[in-house]
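S.K.:
Residue numbers (the working numbering), protein chains in the order written: chain U, -4 to 102; chain L, 9 to 131.
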């Protein structure tokens, strides 16, 4: 199985801060990577697919990059509605696997 | 509006069975691969199963293989997850999700998701 390792597991940040989350795959996955935002009690939301393609309606402050084994999700200027848990997911091989999640909390 | 609504969760004893349903609306259901993903309390997301648009291909996580069965009824725009021989570690919120994109190619990422249904396995 492809292991997805996210770091950090949590981050405390203020509105307006830049936040970067890293996701590492245990083997190369090309650009078969997606990022999701998940708020408690809500449906997870797809933010980015193909490592860097922003989904329609997702604010441009979200940016994904990377290929192979190292990927990043950057929120350029954190907004109040961005406080949530973020997950990466590889779609290169089965079983499909997620990272452990990064909780973005209010400082 | 594209919408997925799960139902069928609840409390079940170890060894018991439960069938989850996911009713879809707002898109051409028969064109899309469908998925189940779960989240145990306080844990992260775990992919469970998928079914192809024509129902001919199903894939499962090893942890549920041989116990869970995914199926679909295109006439009812519904995907199901039959869960048998349930164990305590199957306790989770189960999310239904649609394949992302416009269905012209198969991509195994998920958009949108339903709100989830809670399954609790306990005596």
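By construction, the Cβ of each residue, glycine as well, lies at the ideal position given by its N, Cα and C atoms.
Taking 7 angstroms as the CB-CB cut-off, is residue 28 of chain L touching chain U?
M.R.: Chain U contact via Cβ: absent.
S.K.: Any chance the region 15 to 24 of chain L sits against the region 87 to 101 of chain L, with 3 or more Cβ pairs inside 8 angstroms?
M.R.: In short, these stretches touch, since the Cβ pair count reaches three.
S.K.: Chain L partners of residue 89 of chain U, CB-CB under 7 angstroms?
M.R.: Chain L residues near residue 89 of chain U: 67.
S.K.: Alpha carbon to alpha carbon, how far is residue 75 of chain U from residue 9 of chain U?
M.R.: When rounded, the distance between both Cα atoms is 9 angstroms.
S.K.: Tell me the DSSP secondary structure of residue 96 of chain L in three-state form.
M.R.: Three-state DSSP puts residue 96 of chain L in a helix.
S.K.: Rounded to a whole number of angstroms, what is the C-alpha to C-alpha distance between residue 4 of chain U and residue 87 of chain U?
M.R.: C-alpha separation (whole angstroms): 23 angstroms.
S.K.: Report yes if the C-beta distance between residue -1 of chain U and residue 29 of chain U is below 7 angstroms; otherwise report no.
M.R.: No; because the gap between Cβ atoms is not below 7 angstroms, this pair is not in contact.
S.K.: Is the CB of residue 96 of chain U under 7 angstroms away from at least one CB in chain L?
M.R.: Residue 96 of chain U counts as touching chain L.
S.K.: Per DSSP, which one or two residues make a beta bridge with residue 31 of chain U?
M.R.: According to DSSP, which records beta bridges pairwise, residue 31 of chain U is partnered with U:41, U:82.
S.K.: Would you verify that the beta carbon of residue 81 of chain U is, or is not, closer than 7 angstroms to some beta carbon of chain L?
M.R.: With 7 angstroms as the cut-off, residue 81 of chain U does not count as an interface residue toward chain L.
S.K.: Do the region 33 to 47 of chain L and the region 94 to 114 of chain L meet, that is, are 3 or more Cβ pairs less than 8 angstroms apart?
M.R.: Segments in contact, yes.
S.K.: Using a 10 Å radius around the Cβ and a threshold of 16 neighbouring Cβ atoms, would you call residue 24 of chain U buried or exposed?
M.R.: Under this definition residue 24 of chain U is a buried residue.
S.K.: Touch check for the region 114 to 129 of chain L and the region 32 to 39 of chain U: three-plus C-beta pairs under 8 angstroms?
M.R.: Touching, yes, given that three or more Cβ pairs across the two stretches are closer than 8 angstroms.
S.K.: Quick check: residue 1 of chain U and residue 97 of chain U, are their CB atoms within less than 7 angstroms of each other?
M.R.: It is a contact, given that the beta carbons lie within the stated cut-off.
S.K.: Report buried or exposed for residue 59 of chain U, applying the criterion of at least 16 other Cβ atoms within 10 angstroms of its Cβ.
M.R.: Buried, since its Cβ has 16 or more Cβ neighbours within 10 Å.
S.K.: Please report the residue range of the beta strand (DSSP E) in which residue 62 of chain L lies.
M.R.: Run containing residue 62 of chain L: none; DSSP gives neither H nor E here.
S.K.: Output needed in chain order: residues of the region 30 to 51 of chain L with a Cβ under 9 angstroms from some Cβ in chain U.
M.R.: Cβ contacts with chain U: 43, 45, 47, 51.
S.K.: Less than 7 angstroms between C-beta atoms, sequence neighbours within five positions excluded: which residues of the same chain meet that for residue -3 of chain U?
M.R.: Cβ neighbours of residue -3 of chain U beyond the five flanking positions: 20, 21, 22, 24, 85, 87, 88, 92.
S.K.: Find the nearest neighbour of residue 73 of chain L within the set L:62, L:90, L:63, judged by alpha-carbon distance.
M.R.: Closest option to residue 73 of chain L, Cα to Cα, is L:90.
S.K.: Note the first and the last residue of the continuous beta strand (DSSP E) segment covering residue 113 of chain L.
M.R.: No beta strand (DSSP E) contains residue 113 of chain L, which DSSP labels as neither H nor E.
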